[in-house]
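From first to last, the protein sequence lines are chains A and B. Residue numbering for the first sequence is 1 to 113, as defined by this note's numbering. Residue numbering for the second sequence is 1001 to 1114, as defined by this note's numbering. Even for Gly, the Cβ is constructed at its ideal location relative to N, Cα and C.
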Amino acid sequence: GENVEQHPSTLSVQEGDSAVIKCTYSDSASNYFPWYKQELGKGPQLIIDIRSNVGEKKDQRIAVTLNKTAKHFSLHITETQPEDSAVYFCVFTGYSSASKIIFGSGTRLSIRP
Amino acid sequence: NAGVTQTPKFRVLKTGQSMTLLCAQDMNHEYMYWYRQDPGMGLRLIHYSVGEGTTAKGEVPDGYNVSRLKKQNFLLGLESAAPSQTSVYFCASSYMLRENQPQHFGDGTRLSIL
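Structural data, given as structure tokens:
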């Protein structure tokens, strides 16, 4: 079956520095790669997504890169701020298939003041 | 616009008791999902629905049942609760067009089985 690996599990960075989280997957049958942010006591919230016909997408301080050949996609957060502290999840989604939705195990990001 | 609303927010059950978790969305989404989240793990899909009157199994369906009698509501039932079902449960909804679409999540139901 599909396997999604997310690294690192925890990440601590100085405020203002950059953070990078990476996910690898084993099945190539996907064209949609979202990232979710989960704050304490809340449900996950989409922060950025990318489709397989592009290699990179940016939204202000957040970017996602996709390498379909190597089967990995990464979340980049620049100029980190205290409000970026949260748990981040990558998600593998099969082609138009609700049954094939697999969350990564999550990365707990802490921003040091 | 409330988005996705889950009730209750917290519940404690005894082993063997039954209960129903309710999810309601006001975005006219076709797809709805139930997940569970355990410590140190990502969310795992329990059941999902692609439209009113239809449901299907996800990754971890055993011990749960669901119903989608109305498009805006998706119910998750535990017929005989077990301690292994202690978890945080999340409901989500999405459009499903030709391509996959983002999911919108509720804030979860924290369930403890004693």
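### Query
For P82 (chain A), which of helix, strand or coil comes out of DSSP?
helix
### Query
Hey, is G106 (chain A)'s beta-carbon within less than 8 Å of any beta-carbon in chain B?
Interface residue, yes.
### Task
Rounded to whole angstroms, what's the CA-CA distance from Q1006 (chain B) to N3 (chain A)? Just pull it up for me.
29 Å
### Query
Taking 8 Å as the CB-CB cut-off, is Q45 (chain A) touching chain B?
yes
### Task
Give the range of the beta strand (DSSP E) segment to which K22 (chain A) is assigned.
Where K22 (chain A) is concerned, the enclosing beta strand (DSSP E) stretches over 19 to 25.
### Message
Which runs of the beta strand (DSSP E) at least 3 residues long sit entirely within the stretch 1069 to 1106 of chain B? Give them in chain order.
### Response
1073 to 1078, 1087 to 1094
### Task
Tell whether a beta-carbon distance below 8 Å holds between N1065 (chain B) and L1022 (chain B).
no
### Message
Can you give me the C-alpha to C-alpha distance between Q37 (chain A) and P44 (chain A), rounded to a whole angstrom?
### Response
Reading the sequence as shown, one finds Lys at residue 37 (chain A) and not Gln. Their backbone Cα atoms lie some 5 Å apart in a straight line.
### Query
What separation, rounded to the nearest whole angstrom, lies between the Cα atoms of V1050 (chain B) and S1112 (chain B)?
29 Å
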